[in-house]
Structures are given as structure tokens and as C-alpha cells.
Ligand SMILES: NC(=O)c1ccc[n+]([C@@H]2O[C@H](COP(=O)([O-])OP(=O)(O)OC[C@H]3O[C@@H](n4cnc5c(N)ncnc54)[C@H](O)[C@@H]3O)[C@@H](O)[C@H]2O)c1
């Protein structure tokens, strides 16, 4: 069997952390080609190209500073060149950029290539919800699995113990992905309920924005716990309404479900920016620039996509948490009204 070639499409905070894991795992295995190409959206850092810095210093100084990448991870600025000949494509870029990058790769991907998306987000289409994995699948005509979990990239890069969930319908692909990504401190479960795994990863970012509002408004841990629980109930209800396949409640007990929700509501970037927003004085765009150093905020954008779908189906009143996050982020509703929205939650009537 020829060695399996792997390409990582993306090189932000999470892309670089997963590159560190895969780069090391591949060095220990003879099933994989030892070189991993990583597509890097080129930018200049103090006048130097980011790809050049990564290839010479083996560090993504902008998105994962302080962590050396294994030298077999090679940064490539052209996505077509990076993906050329790859048997496995790992997609890990902010979700708003996925249609464009897939368009660039159409017709350039080897037949039989398998993909896995680590992207947390959803899109909307005239028919309603569109999963990011569906966009990749439709554009590139390849099998696509997903990986989601309680995985704050910096902690994963520091090799602090955590778990993750792979949603994969093909057991052979599931085994390969597990071999590629599992380490003693990054434990992988594989389930076949792919759509639920993926939708959890997107929706939890909306709940995290709500959790950040509560922090900024000075509420305590009881309130945060209520937001997490109500958020989880809305995530389950939304999944049941919009997933194409069946929705297993057990999937919400995996790392991609409750665990990711908790970590994001305590530690993630969406929570952090929402807390600063609730303290007042600055817009979300200003805070994203100021606090995230080029990283992208996902929760508000996902709330807008979800809101459009709920509005279209005339069921906004069933999802007060998702809807009020959207209205506060985009329609000028006062952040102080966030709790009022929750006081009339369908869970309590
Ligand atoms: N960071 C985490 O802790 C974490 C953990 C799990 C999942 N995720 C998910 O992984 C995905 C990628 O997030 P990340 O943290 O790696 O990225 P990031 O937010 O750290 O970085 C932004 C990335 O987007 C790239 N970029 C900027 N402008 C671009 C453009 N016009 N076109 C294409 N790319 C552009 C940048 O080069 C950079 O690589 C997201 O869906 C996120 O939700 C992140």
C-alpha cells in the first residue's frame, strides 16, 4: 500500500494545534507519508511571509505562538498545490471561507480522497440549514466526516488531557482518522451520528455568546448553568428539527455535546468577546479585532444563520436564547434584556 498523504486545509489556532498532533503521530507510523502539507492563508508578519516563518522556524507565530510544529509540517500558500495528491484532506478554517476554498479545489482533488471537517459553524440555503460538511461534499464530491469536541486549541497544543468526537459513517475511514489524530492526551470516540456531531459544534458557539453576556452583566454560576442547560435544550430541539438523519440523544453526552458546551461557555473566544461587549462601549467588530488578534468570532455569525432558518419556519418563539443572542448582536436589542428573554423560555411553561 502506498503511504497515505495528508493535507491540512487551514492554519489558524486550531489548524496549527492539530498539525502539531498529526505531524508527531505520522512520524511514528509507516502508513502515512511523512510530509504533511498545510495550506496557509498568506499574510505578512513584520514584513515576512507567514509560510516562510512556519517553514524556517516551525512555529505559527501569529495563530499558535509558543508551540513548535514538527518539521514535517510544510506550509504551502497555494491551496491547490497543498491538496495535490492528498488522500486525506483536513478542513479547519473559519466557516465563512469554506465555499471559496472549495471552489478553488474543484476538479483538483484525487478520486477516492476522504475529508474530515473540524469547522464549527453552519450555513443557510434556500432549503434551510446547510452543514459545512455538506458544502465540502457537494463541491468536491468526496466522503466527509467531522471532528468536534471540548478542544480549546491552546490547551490541546499544551497537551492537556481532553476528549473529542469523530462523526463518521464509514468505519474504515473512522479507524484511519483515529490513528492519525489520537494521542494519550487527545482521546477520540467515533460515532456514526455525523450531522448531530457537527451541529453541536456550530450551535454551542451561540450559547457561549449568551454565557459571555451573563459574565459581562455580573451574573453568577447558577445563571451560567441555566444558560448552558437552556442552550443545550435548544441545541437538541434544533437538531431534531433540522438534521436530515436520526438524532441520538447519546451524542449530546459525547465530547462534542455537553463537554464542548461547558468548555466554550467558560473558556472560549466567543464567551470572552461577548463578556467585553456586555460591559459596554465597543462593537463586536471592534472587540473581535482588539481581543482576538486575527482569530474569528463564530457565535454571532452562526446566530444570524440560525435566526434566518427559524424565521423562515416561523418558530423563533421556540428558541428564545438563540434568537436573543442574534437580536443583541445584530438588531440593537439591549444586552440587559438577555435574561428577560430566558424568563419566558418554553422549558418553563
Ligand atoms: N481555536 C480553537 O480553539 C478551536 C477549537 C475547535 C474548533 N475550532 C474551529 O476551527 C475552525 C478554524 O478555527 P481556527 O481557530 O483554526 O482559526 P482562527 O480563528 O484562529 O484563525 C483564522 C484563520 O483564518 C484565516 N483567514 C483569514 N482570512 C482568510 C480568508 N480571507 N480566507 C481564508 N482564510 C482566512 C487565517 O489565516 C487563519 O488561519 C473554526 O470553525 C473554529 O470554530 C477552533
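Residue numbers (the working numbering): 20 to 368.
Here a beta-carbon is modelled for each residue, glycine too, at the ideal position from N, C-alpha and C.
Computed from a predicted structure; not experimentally measured.
Contact between residue 292 and residue 272 is absent: CB atoms are separated by about 28 angstroms, not below the 8 angstroms threshold.
Under the DSSP assignment, residue 295 falls in the alpha helix (DSSP H) whose first and last residues are 288 to 298. Excluding its 5 nearest sequence neighbours in each direction, residue 228 has C-beta neighbours in its own chain below 6 angstroms: 289, 293, 318 and 344, listed in chain order. The continuous beta strand (DSSP E) containing residue 94 extends over residues 92 to 95. By the CB criterion at 7 angstroms, residue 360 and residue 276 fall outside the cutoff.
DSSP lists 206 as the beta-bridge partner residues of residue 182. Per DSSP, residue 33 has no beta-bridge partner at all. Under DSSP, residue 327 shares a beta bridge with no residue. Placement of the Cβ of residue 291 at a distance of 6 angstroms or more from every heavy atom of ligand 1 is found.
Burial state of residue 232 is buried, judged by a 10 Å Cβ sphere holding 16 or more other Cβ atoms.
Within 10 angstroms of the beta-carbon of residue 339 lie 16 or more other beta-carbons, which makes it buried. The continuous alpha helix (DSSP H) containing residue 220 extends over residues 213 to 236. Relative to the non-hydrogen atoms of ligand 1, the Cβ of residue 31 comes within a distance shorter than 6 angstroms of at least one. The beta carbons of residue 224 and residue 302 sit about 18 angstroms from each other, so the pair does not count as a contact at 8 angstroms. Annotated three-state conformation of residue 55 is strand, per DSSP. Distance between residue 261 and residue 115, taken at the CA atoms: about 20 angstroms. Around the CB of residue 214, 16 or more other CB atoms lie within 10 Å, so the residue is classed as buried. A residue is called buried once 16 or more other Cβ atoms fall within 10 Å of its Cβ, and residue 167 is buried on that count.
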